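Residue numbers (our numbering), protein chains in the order written: chain A, 1 to 367; chain B, 368 to 734; chain C, 735 to 1126; chain D, 1127 to 1518. Glycine included, every Cβ here is placed at the ideal spot set by N, Cα and C. As the structure is a prediction and not an experimental result, all values here were calculated from the model. These notes concern the structure reproduced below.
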């Protein structure tokens, strides 16, 4: 059935997240960006939202609530409305944990999930991106060679969110000698041959504490492969991550619109509020149009995930569309503010950097 | 030396062409489109402009004036400002004749050029395009197999301008068995195995009388190859054609702008001329910006041709940019006129069809 | 619960619509090339097809709402052709206006007629409040006397009657505008001509002239002859109609752009061009990437349409969302059809195929029922909390 | 004769500029990451490089005009970096204003100083006619007393003096606006702070405060204290400056976007991506097609800049063309730098490379010296034959 109606529970969650974003994220976002630092208190506070824990199985100490990608998309839009960097920091662990919960073996769940269900934030992260021009999933160069009952991982990873604090990495790699199939491998931070370098200096998302990984023949047991030695379809993992990014970009876009509107109504030029000029007003109207469209695409892809339908197409469309629209909205936001869009006294310049950065995470979302 | 200054002679030619376009082209354009017909009188009148003859060698009865691609670009913008279809009809023969004059053997010049220097219009045309999705020069399927001292041509051609009236065709084909090099072959209309079908029904440019060619093992002597049995670099030919198209699209764009301006100043909505609304005025400003940019790109590529520099890059940029900008300008023109942009009482409707058609001649100019 | 999958019952209807669309297509080119002809009210094949509306029986609460379904049905029909239908449904825009603004008696009296709606005038474009057509009451005969011209009247030739917007008092602006029902054949009511257009040529779009056209006093829709002092009471009444039509118009256009996308994909696939989702973009050709991008744009636009319709199914206000759907749809269909021709190249402009026709037909979407500019005014006012005088 | 090839003499200069730019680049990241520092007026390597301006000697009529050359030189320099120079040229925007509006005596007196130009105010954005800073004549001391605030003053920290726009009579609007020269150190003239910005961080952009700042009566540029009844005489005088600066600002931005394109092409070529011109687009990858498209956009924008400069070389009016160059350049550099990051993907946002910096630096282009919106007002008025009151 086609319906745009959130459940009452989803409405409640949305409200709570909106409040958290306004109180605990927006006010600290600029300082985090200037210092490229993620405060412990924020990690603790966001951990206490239970974004990860509540949806993990009871057997592992979780809340046992059914996983709802749609709810998560709603949550992420609200958090990113507060700040995209902090929103990604808040959910990075769940990308790892949910991957284990959804695609992992019983043994993997037993050994890895309880850590996320304690009283303190636990960090583990997804290692997907790699150095070099035009990275995308079709061009992974990190290899996993089978060697007896083990896999040997070699390659480089970049922009691993919260990588500087992570206890484990879920490393995506191609099979060696001709086997092009993608696999995901759980690698503990202290693994032989793994070097964690960083934090990486980036255009935006500066407080995300991204790390680079250098893997020199890192050996892991066959059971370290997500889903067991035989592996599993990691596309579900990538699709979930794409939907998450689409939701984040929706939140950023809405933030720009809601910041630009009062500015344009206050700002007087040529004798009247600039908001009364069609060039400005229509730009704001377009922001509203596109923010709506982005949200529905993200919801649609999330619904595919939620009902176990193949989300490959809908997730790519959601992320691709959001990347293009969010970049334009942030760019227009700077233009509406004019000189004030270019200085760091206003958040728009930060959103401009974040929008461009979000659009290329995991590879160009649109060309 | 970098200069945007036309010569006095070029100024004179521009004025003459502008007048011809206003008097002999714009007034009949709509009827030609509705009837998909090209009046003899127009062919005669445009022939008398001497666009082709004056720049052909005196030895062949021509005016012997130096070839000036820049002047030709200026001419084409003005003619296309009158009507793109009629402009292409007026210069289609010169694409053939100039190719022979610039790249042909002495024998080819002697045998083919005098016909263009008579008192009546003579038509010969370039056969480049082919059926099937995504045609472009990289995917020519028409083959020229060497057979003794002859070539055997096989394939299909589409959208051959004035094809229904042409005495000869300059057929572009790939070498057979592995030799991927492009060649151009002079094929008389009455050649064995050549079927000329049409006129083709098209979205725009309806009066251009385009033909399809079906070549079933058409045999031509080795000397029929442009430049002789060894061939020649046909890219110069293609570059010249691309510059011509860029100039035509510049003229169409200027026509839209100059038609939309008075309309928008007359048209009253919500109590004032719509031209006073930023949404409309800025659209018109953008038309002016892009029409300028298109023209300079076309001139730059033409200057490369004129000075014998490789124009491959500049010609592709000129055509690609013009195709995108001209499509947008025609589209915006329809929007500025609103309902009147959708009905055939105004030329904008026709320009919208012509703009889309021009942009894909010879294959997509932009993607 | 949020979801976007049609139910089995939904699919039954949409599959049927698709079957009819495939038949309808075979007539599309003929009526485009022969614009003086009108497509039949019923195609010969109609006997083999149950009436789609019969399938709407026996749907439950767990099925998709009627508003949303009607958008999908509209898009499904125009996927076949803009003008040709297996069976022409009775009724035009005017019937919607009659339902929205007419008294019960008026609905009873004229509901069975196919009614066009005449709003636009040579001088007023998409600004309905500028209506110049005047209605003057003649107390002697107790009749309204209409004088004025209307253009772009959809189904204007075949309609049996028309709902005309006219003003009782130009000085009153919007407030003075009322809608009147005029039956065909009324003296002084002349159908001037069928417009020659870029596309939708099989469609009838008429121009009307009213010269001292006299109609009974009771033909004023709603019957309220008073001119509200402020605001635009009467005007609001007639404007109601638009909340339903804007998303519908967008859906109609998106059915056509979907046809263009499907045709383009099919052609590229036959040519062996890889068009996969999920692989990175760097693996794709320029043409493939462009097609995937346009497919995403299509989905985005359609979702804004469904959202506006869903709100009305919920009985929630959807004025802004209707404009969002119309603005987004109108822009998207232009970009999509232009892009498909670009992708296919020269064959895209050949009248051997329907793509060039879809490119022409769909261009009306961003023009009628309020241009994209008008929609942005509505959206902008909502976003900024401005009145129509603050943002013009 | 129409042509677009630099002469041998032109190339000598441009090659030299390129050599310096390559050196300058090695300093770019440092001054971006350490925005409190100012780049030196002369780099250590300067001794190995002749002064570019020496090369301008001995050029003939067959060489490219000075205006056009200065655009190419500006673009060539910012290809290296926006702020760092091998040798910092004396003079700022204010010097241009002094040349345009100052009396011979004034030019002689202050020409040797580096002069900033202070126009924008917290309240008036890119609308110079809204200047609130007031200049009041004190007959007793025969001094002007200035009061007001200015922001976004380029080279505001290091300038030795500033040309300030102030009004003699707010009620007179544009006509009342005059420009005054204030030397650093004048009591009541406070340099508030260096702005923290998205990009061009090594650049100094200051905020000024004038509090009862007294300057000699002779510091009014041009010396004309009268307020023209209609039109905007004094204002026109100061506006002159912009005819030269708008194309220059676009050229400065296009030097940066060219750097982004060259870096992106180089990276793709190293990765073995085919990037040929001349072959059809269907043979190209999505990334290649996007790069070629952006390279064309770069050329298009640069040509509009050269056109505006060429007109001024010919002594022809170029007000509209200057706005075309600024509007086109401002939009092009945004699209190009955003697109290059898209093409290179994640590496594009790493501060290991300068691309992300170019993306930030270049964004100022469409903002200062009049936003794209302001430029479109100027172009629109010209296209429509409207006055500034008819199109606002």
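- Residue 811(C) is positioned such that its CB atom lies closer than 8 Å to that of residue 755(C).
- Going by beta carbons, residue 289(A) and residue 1101(C) fall outside the 8 Å limit.
- Within a 10 Å sphere around the beta-carbon of residue 71(A) sit 16 or more other beta-carbons, which makes this residue buried.
- With its beta carbon at least 8 Å from every one in chain D, residue 1004(C) lies outside the interface.
- Within the same chain, no Cβ atom closer than 8 Å to the Cβ of residue 313(A) is found once the five residues on either side in sequence are excluded.
- The Cβ-Cβ distance between residue 899(C) and residue 990(C) does not fall below 8 Å.
- Under the three-pair Cβ rule at 8 Å, the region 1417-1427 of chain D does not count as touching the region 743-752 of chain C.
- Beta bridge pairing from DSSP links residue 127(A) with 171(A).
- For residue 695(B), the nearest beta carbon of chain A is not closer than 8 Å to its own beta carbon.
- Of the other Cβ atoms in all chains shown, fewer than 16 fall within 10 Å of the Cβ of residue 1174(D); this residue is therefore exposed.
- At least one CB atom of chain D sits nearer than 8 Å to the CB of residue 201(A).
- Look at residue 945(C) here: in three-state DSSP terms it is strand.
- Contacts with chain B (Cβ-Cβ distance below 7 Å) from the region 1156-1187 of chain D involve no residue at all.
- By the beta-carbon neighbour count (other beta carbons within 10 angstroms, threshold 16), residue 197(A) is exposed.
- Taking a 10 Å sphere around the C-beta of residue 1495(D), we find 16 or more other C-beta atoms and assign the residue as buried.
- At a cut-off of 8 Å, the C-beta of residue 1051(C) has no neighbouring C-beta in chain A.
- Contacts between residue 1476(D) and chain A, judged by CB atoms closer than 9 Å, involve 131, 158, 159, 200, 201, 202 and 203 in chain order.
- Excluding five sequence positions before and after residue 785(C), the CB atoms of its chain that fall closer than 8 Å to its own CB belong to 821, given in chain order.
- The closest CA to that of residue 1194(D), considering only 708(B), 474(B), 371(B) and 484(B), is found on 371(B).
- Between the region 508-517 of chain B and the region 536-549 of chain B there are three or more inter-stretch CB-CB distances shorter than 8 Å, so the stretches are counted as touching.
- Distance from the Cα of residue 324(A) is smallest, within the candidate group 359(A), 305(A) and 103(A), for 359(A).
- Residue 1278(D) is not a Cβ neighbour of residue 1314(D), given a cutoff of 8 Å.
- Within the region 843-857 of chain C, no residue places its CB atom closer than 7 Å to a CB of chain D.
- Under the 8 Å criterion on CB atoms, residue 1408(D) is classed as interfacial with respect to chain C.
- Within 8 Å of the CB of residue 728(B), the CB atoms of chain C belong to 1080, in sequence order along the chain.
- In the same chain as residue 503(B), and ignoring 5 residues on each side of it, the C-beta atoms closer than 7 Å to its own belong to 730 and 731, in chain order.
- Interface flag for residue 138(A) against chain C is set, since a Cβ pair is found closer than 8 Å.
- Judged by pairs of C-beta atoms under 8 Å, the region 1001-1014 of chain C does not touch the region 1386-1400 of chain D, as fewer than three such pairs exist.
- Scanning chain B for C-beta atoms nearer than 7 Å to the C-beta of residue 1425(D) yields 664 and 684, reported in chain order.
- The region 380-397 of chain B and the region 97-110 of chain A do not touch, with fewer than 3 CB-CB distances between them shorter than 8 Å.
- When the Cα atoms are used, residue 1105(C) and residue 1060(C) turn out to be separated by approximately 8 Å.
- Contact check for residue 980(C) and residue 1084(C): beta-carbon distance about 34 Å, past the 8 Å limit, so the pair fails to qualify.
- DSSP lists 168(A) as the beta-bridge partner residues of residue 188(A).
- Rounded to the nearest whole angstrom, the C-alpha separation of residue 686(B) and residue 1154(D) is 36 Å.
- The three-state secondary structure of residue 441(B), taken from DSSP, is helix.
- With a threshold of 8 Å between beta carbons, residue 1497(D) makes contact with chain A.
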